[in-house]
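Residue numbers (our numbering): 643 to 885. Cβ coordinates follow ideal geometry from the N, Cα and C atoms, glycine included. Notes follow once the structure below has been shown.
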């Protein structure tokens, strides 16, 4: 509690910075891929008026980046529970970027004219499968049912919080630029909006989520709080069958 005339303590700012730094140390690969995907999305948006080949040349690495976020996230959690030191960082980075590179080679022969329905199902299956794998990754080879459900509860809540914060920033940006556009017209304003929206959805949303990923998995299994039955039923009988 601060007295009159005393400056407020910077605990909140320090806490946010510490959480962001901790997320960067735990998931460097995820944030690298998220940053690359954000830049690629901005570049693809700016060149949307080009020819088909030029547009698709930007979408190929963007498709790989979209897979890489959940893939590197899962690998990082697996390594975190099995290794210490540099191995914990280098193993997921090596496996993750090597496999993503191989999948990019798979996409190099594709263009908008040759994209088939089979490829769309292949990519959608990979995308959903990697996201489902993220729910199990920290518990592979372990019998920690209570920890598993508590981890997924926290992840689910964190996803909702990330969407809420990102959505609020997104709507706020739209309203701000709508007001500015009445006073100033120009293509630069539209480009700036694209950059801000991409940073919110690509970087802020991902980083905010990662900052809330649990670290002490043993504690999740030994002393978890009561798990909401409705959420457990939704995950077990609705979400998992859909995936």
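Relative to the alpha-carbon of residue i, which residue among the options has its alpha-carbon at the smallest distance?
i           : options            : result
residue 675 : 713, 688, 659      : 713
residue 673 : 742, 734, 711, 657 : 711
residue 843 : 707, 735, 809      : 809
residue 803 : 838, 846, 757      : 846
residue 738 : 778, 724, 720      : 720
residue 702 : 762, 656, 801      : 762
residue 861 : 728, 732, 787      : 787
residue 795 : 708, 765, 822, 776 : 776
residue 778 : 850, 727, 723      : 723
residue 705 : 682, 801, 854      : 682
residue 806 : 793, 851, 789, 820 : 851
Counting only the same chain and skipping the five closest in sequence on each side, list residues whose C-beta sits under 8 Å from that of residue i.
i           : result
residue 688 : 833, 836
residue 782 : 720
residue 746 : 702, 703, 706
Rounded to whole angstroms, what's the CA-CA distance from residue i to residue j? Just pull it up for me.
i           : j           : result
residue 785 : residue 791 : 12 Å
residue 684 : residue 743 : 21 Å
residue 840 : residue 680 : 6 Å
residue 717 : residue 729 : 12 Å
residue 774 : residue 859 : 18 Å
residue 752 : residue 848 : 28 Å
residue 656 : residue 864 : 30 Å
residue 853 : residue 709 : 20 Å
residue 825 : residue 686 : 28 Å
residue 770 : residue 798 : 15 Å
Leaving out five residues on either side along the sequence, give the residues of the same chain with a beta carbon under 6 Å from the beta carbon of residue i.
i           : result
residue 659 : none
residue 735 : 671
Can you find the residues in the same chain that come closer than 7 Å, C-beta to C-beta, to residue i, ignoring five residues on each side of it along the sequence?
i           : result
residue 822 : 831
residue 661 : 853
residue 677 : 845
Checklist entry - Is the number of C-beta pairs between the stretch 808-827 and the stretch 661-668 that are closer than 8 Å three or more? => result Contact fails: fewer than three Cβ-Cβ distances are below 8 Å.
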